[in-house]
């Protein structure tokens, strides 16, 4: 595959001419992304008759624009009301919501928008140019390497719960056990289902997300007049356009952080099945590991918001790479795009770049153009969106409960899933009140089934030899990186503590 | 998360720290893990291996927490009180009533459908939280949101929201 810069230029100009398709897709994507239970994949399925009726090129542009904007939309409620629109935004409230409570919702939204747009734009351009090489990543990651990547995810649990590692690990491993509920993949034996048929197909992620974050938050916030602190309320009442601009400059000052965390998202996005949730938590963990102020993570730290938002938008272009280059969708939305393209007689895979380069490369130019248009349309809205935080909890809590519970119903149309979301809400409420992190439980629920699948696959290939997990060169490198990422923060913490102790007598002397 | 921020506005109580509430989640986790093990005891190894691995680690972690808490209680640094779990106590009746309303909402939505059930849930829940004040405003908000939800999610997006008599009736109209 040779790079044809002239073709890229033509494609960009042509894609801009479809602004009338991109703009409504952006608005729709922002809305569906912001509502738990409504993913871009579901929306594309609902709008399938429309996308099938479109020309393949226009249909693809519409789907890509909706996909990219829904990723950004999911971060909006995560920041404003501590409810991630999708699991991919579950790491966003860790520092986004504390900023909101301090009355800095407008800055937080602007930071999120800038990090999302530049992270997404950069990785899209990298994907466009480096696609032939990046696509090889998926070939080298097998079950053994994926086990280490999953364990990377579990190590995040300890990082997120930095205040009390033991409680963080209990929350995470409890989540993993919940994630193991359901029939096993080989013999379909029901395990831990309490006799509910609805749980045979594993614990559905949306009710878990809705319950742990939204329902528990709604029950917790009713003891205050507002979700804001007193100082936060005062700051919000004075907020104007200046705060949006401040957020933009704060995010731009972290340009290097945006670059490397979005590349984490791109690489993880290429791995089929890994997804935005893992990417955003891995980026958060790495950001914290190499930060000079890790103790400020979780209190409204700028980098703690930039990292997950850049990474989960980096995933967006990453998931399209295996679809277009080797014909394997990197995620649910990419799979639906493949179906729509196949309906039009377009076969995804290596031949696509030879036969219809305008479609193959066009998917990425559409994404880049979407991000460019998105920043112009969404940034001015930060000021108005942030006003939702001054709404009294008297109105906010019931609205959150009713609409998110119905969101839990939507994916499978089971009333059972609403009860399940309420049960997760109770778990989440107890967790919040007693110092356990709901994000750690959610990571466990997400990773449980994935870890088990890869673990079983590796054991079956090796005929039960547990040492298979150390049998791969790439896997062993990942093991070393995992150990480094676990122990470097401890070493840095101790060093900082030593430095503080050494500095203390000097300060006292002064 | 919420508590960290709230604690900055409220002075922290002195004396032994109540840690009983911190044991609720681990004990639930322990009971669930034991139950889970009973469901996989007679199944092929492929269905057991990963869960036994993770479950054993979880039991070990819970044991460590219980030992840590016991030592703190023994040293007089902590008590087994429930602490912040139900605090502030004045909100316990409201929380329980809201939980009851939420259960009723889920129970009735399968027959009543989204629009009417959501209207009544929002109305009663907001009246509960506002102590019966601003009735007119709450009625208006509940009506606007339930109708708005119907128009956006059911009529415009044709989303799989729970359907009932109102939705069936309106389907014939639109």
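Protein chains in written order, with this note's numbering: chain A, 144 to 653; chain B, 212 to 385.
Quick reminder that beta carbons are idealized off the backbone N, C-alpha and C, glycines included.
Exercise. Report the three-state DSSP secondary structure of residue 289 of chain B (helix, strand or coil).
Key: strand
Quiz item: Where do the ends of the alpha helix (DSSP H) carrying residue 547 of chain A lie?
Solution: 536-552
Quiz item: Between the segment 547-581 of chain A and chain B, which residues of the former have a C-beta closer than 7 Å to a C-beta of the latter?
Solution: 548, 549, 552, 553, 556, 558, 561, 562, 565, 573, 574, 575, 576, 577, 578 and 579
Quiz item: Can you name the residues that DSSP bridges to residue 326 of chain A?
Solution: A/333
Practice problem: Could you tell me whether the Cβ of residue 244 of chain B comes closer than 8 Å to any Cβ of chain A? | Solution: Taking Cβ atoms only, chain A reaches closer than 8 Å to residue 244 of chain B, which makes this a yes.
Quiz item: Can you name the residues of chain B whose CB is closer than 8 Å to the CB of residue 537 of chain A?
Solution: 337, 340 and 341
Quiz item: Can you tell me whether residue 642 of chain A is buried or exposed, with buried defined as 16 or more other CB within 10 angstroms of its CB?
Solution: exposed
Quiz prompt | Backbone CA spacing between residue 247 of chain A and residue 392 of chain A [nearest angstrom] | solution = 14 Å
Self-check item: Interface partners of residue 361 of chain B on chain A, CB under 7 Å
Solution: Those do not exist, as residue 361 of chain B stays about 11 Å from chain A at its closest Cβ, beyond 7 Å.
Quiz item: Can you name the start and end residues of the alpha helix (DSSP H) that residue 603 of chain A belongs to?
Solution: First-last of the alpha helix (DSSP H) with residue 603 of chain A: 581-604.
Quiz prompt | Range of the contiguous alpha helix (DSSP H) that encloses residue 321 of chain B | solution = Unbroken alpha helix (DSSP H) run through residue 321 of chain B: 303-323.
Self-check item: Ranges of the alpha helix (DSSP H) found wholly within the segment 161-243 of chain A, counting only runs of at least 4
Solution: 162-177, 183-189, 191-196, 199-216 and 218-224
Self-check item: Closer than 7 Å at the beta carbon, the chain B residues around residue 540 of chain A
Solution: 340
Quiz item: Would the beta-carbon of residue 550 of chain A fall within 8 Å of that of residue 349 of chain A?
Solution: yes
Quiz item: Are any of the Cβ atoms in chain A nearer than 8 Å to that of residue 305 of chain B?
Solution: yes
Quiz item: Would the segment 571-583 of chain A and the segment 371-384 of chain B be scored as touching if the rule is three or more Cβ pairs under 8 Å?
Solution: These segments do not touch.
Practice problem: Can you tell me the Cβ-Cβ gap for residue 446 of chain A and residue 430 of chain A, rounded? I've got them flagged as a contact below 8 Å. | Solution: 5 Å
Exercise. Starting from the beta carbon of residue 545 of chain A, find every residue of chain B whose beta carbon is closer than 7 Å, and list them in chain order.
Key: Within 7 Å Cβ-Cβ: 316, 329, 332 and 333.
Self-check item: Contacts around residue 147 of chain A, its chain only, beta-carbon distance under 8 Å, and the 5 residues preceding and following it disregarded
Solution: 500
Practice problem: With 8 Å as the threshold, decide whether the Cβ of residue 273 of chain B is near any Cβ in chain A. | Solution: yes
Practice problem: For residue 283 of chain B, decide whether its Cβ has a neighbour in chain A, counting only Cβ atoms nearer than 8 Å. | Solution: no
Practice problem: Helix, strand or coil for residue 373 of chain B, going by three-state DSSP, please let me know. | Solution: coil
Quiz item: How far does the alpha helix (DSSP H) with residue 516 of chain A in it reach, from first residue to last?
Solution: 505-521
Practice problem: Please compile the residues from chain A whose C-beta is within a distance smaller than 8 Å of the C-beta of residue 289 of chain B. | Solution: Result: empty, since nearest Cβ-Cβ is about 13 Å, beyond 8 Å.
Exercise. With distances taken Cα to Cα, identify the nearest neighbour of residue 276 of chain B among B/250, B/367, B/351 and B/233.
Key: B/233
Quiz item: Given a threshold of 16 other Cβ atoms within 10 Å of its Cβ, counted over all protein chains shown, does residue 399 of chain A qualify as buried or as exposed?
Solution: exposed
Quiz item: Hey, residue 227 of chain A and residue 356 of chain A are a contact pair by Cβ (cut 8 Å); roughly how many whole angstroms apart?
Solution: 6 Å
Self-check item: Reduced DSSP secondary structure (H/G/I, E/B, other) of residue 350 of chain A
Solution: helix
Practice problem: Under 8 Å by Cβ, that's how I've got residue 247 of chain B and residue 293 of chain A pegged, so tell me the actual separation to the nearest angstrom. | Solution: That belief does not hold up - the Cβ atoms of residue 247 of chain B and residue 293 of chain A are roughly 19 Å apart, past 8 Å.
Quiz item: Under 8 Å between C-beta atoms, does residue 378 of chain B make it to chain A?
Solution: It does not; no Cβ of chain A falls within 8 Å.
Practice problem: Examine chain A for any beta-carbon lying closer than 8 Å to the beta-carbon of residue 278 of chain B, and answer yes or no. | Solution: no
Practice problem: Just the C-alpha distance for residue 568 of chain A and residue 208 of chain A, rounded to the nearest angstrom, thanks. | Solution: Rounded to whole angstroms, residue 568 of chain A to residue 208 of chain A spans 33 Å at the Cα level.
Quiz item: What is the rounded straight-line gap between the Cα of residue 375 of chain B and the Cα of residue 370 of chain A?
Solution: 34 Å
Quiz item: So, residue 257 of chain A versus residue 376 of chain A, is the Cβ gap smaller than 8 Å?
Solution: At least 8 Å separates the beta-carbon of residue 257 of chain A from that of residue 376 of chain A.
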